[in-house]
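Asker: Take the position in the sequence shown, starting the count at 1, then add 805; the result is the number in the numbering used here.
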Amino acid sequence: MLAVRNRTKLIVGIDYGTTYSGLSFALSNAADFKDIHPWTKYPGSSTHIAEHCHKAPSWVAFKDENPDLDENAWGYQIEPGMKTYAWTKLLLDDQALATEAAALDAGFASRPIDRLSLITEPDAAAHMALKSSIHHVEDLIDVGTGVMVCDLGGGTVVKVVRKSPSLKLREIAIGAEIEKYYDPDFNWVLLSKDDMKSLFDPVIDVILKLVKDQVDQVKRDNEPRIKTMCLVGGFGSSPYVKERLLEWCSEQEIRLTTPWTGA
């Protein structure tokens, strides 16, 4: 038994996301971040020019519902016209036991010596930030200060949008102005910088309000002042999202950081 305990273990981390999912692995004797290896050889990635992508789309198609499939397909194997399922992570929110059971049924931790552990994304980000403070000269986290994890994943954004009232419009006539936004030669929709900002701003405004509310709550509770914000999640990788958050954090004297590939 002692010999088994002293063996080097293979640790596999799976990030099952709302829109994209990823996998990384490392040995238990890993000493630095460079010893953590993200998986990039996802099935079908070569046909989508995604051979080096760290994540794959969280889509799945079952052969029973797609006559052209010989086996179930997922991620980059999904092709237009298939009956697919997406955003399935939203069905697993606050169901840790069901998630663990599903992982075991899928074959994870099938051997007696294997162990399966679940961790929330904010907890994982906090651990990453703490590790970063050890490995970098400039400490990301000071003793006696607070850290906020801003997890802007696909599911987070979906929830924010759902909470906002929606405006529904019905088309009664196609306006001539539409020609300025459509290129018929390439079937492209043409969007300007201001157009893109108008899409992002309503969601980012809600996110900034939620962040401000959290910081204010910490002050009211006389807890240690928030000095560091860790930005994680796919939506957090947007340069414009980072720009808006960095602007707000600078005004509040809060340091914004994205640990390793957290976003």
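Every residue, glycine too, gets a C-beta built ideally from N, C-alpha and C.
Assign valine 994 to buried or exposed, taking buried as 16 or more other Cβ atoms, counted over all protein chains shown, within 10 Å of its Cβ.
Answerer: Under this definition valine 994 is an exposed residue.
Asker: Tell me which residue opens and which closes the alpha helix (DSSP H) that serine 1003 is part of.
Answerer: Element bounds for serine 1003: 998-1025.
Asker: Near glycine 880, what residues of its chain come up, given a Cβ to Cβ distance below 6 Å and the 5 sequence neighbours on each side ignored?
Answerer: Tyr847, Ala861 and Pro862
Asker: Between serine 851 and proline 1007, what straight-line distance do the alpha-carbon atoms span, to the nearest angstrom?
Answerer: 36 Å
Asker: State the Cα-Cα distance for the pair leucine 1013 and leucine 1051, rounded to the nearest angstrom.
Answerer: 11 Å
Asker: Buried or exposed: methionine 1001, going by 16 or more other Cβ atoms within 10 Å of its Cβ?
Answerer: exposed
Asker: Roughly how far, in whole angstroms, is the beta-carbon of leucine 1036 from the beta-carbon of leucine 921, given that I think they are within contact range, below 8 Å?
Answerer: Contact flag wrong, Cβ pair sits at about 28 Å.
Asker: What is the C-beta distance between alanine 831 and isoleucine 816, in whole angstroms, given that I count them as a contact (C-beta under 8 Å)?
Answerer: 5 Å
Asker: How about leucine 832: is its Cβ closer than 6 Å to a heavy atom in the ligand GTP?
Answerer: Summarising the ligand content, the structure contains no ligands, and the ligand GTP is consequently not present.
Asker: Cα separation between asparagine 1070 and proline 885?
Answerer: Not covered by the structure: residue 1070. The range shown for the chain is 806 to 1068.
Asker: Span of the beta strand (DSSP E) holding cysteine 955?
Answerer: 951-956
Asker: Can you check whether the CB of lysine 894 is closer than 7 Å to the CB of tyrosine 821?
Answerer: yes
Asker: Apart from the five residues just before and just after histidine 842, which ones in its own chain have a Cβ nearer than 6 Å to its Cβ?
Answerer: Phe830
Asker: Looking only at its chain, what residues have a beta carbon closer than 6 Å to the beta carbon of arginine 1049, apart from the 5 residues adjacent to it on each side?
Answerer: Here the set comprises Ile1009.
Asker: What is the rounded straight-line gap between the Cα of threonine 950 and the Cα of arginine 1030?
Answerer: Just so you know, the alpha carbons of threonine 950 and arginine 1030 end up roughly 6 Å apart.
Asker: Which residues does DSSP list as the beta-bridge partners of arginine 1049?
Answerer: None; arginine 1049 has no bridge partner.
Asker: Sorted by chain position, which residues of the same chain lie with C-beta nearer than 7 Å to alanine 891's C-beta, five sequence neighbours on each side aside?
Answerer: Closer than 7 Å at the Cβ level, and outside the excluded window around alanine 891, lie Ser863 and Trp864.
Asker: Give the straight-line distance between the Cα atoms of glycine 818 and aspartate 1026, rounded to the nearest whole angstrom.
Answerer: 35 Å
Asker: Three-state secondary structure (DSSP) at histidine 842?
Answerer: strand
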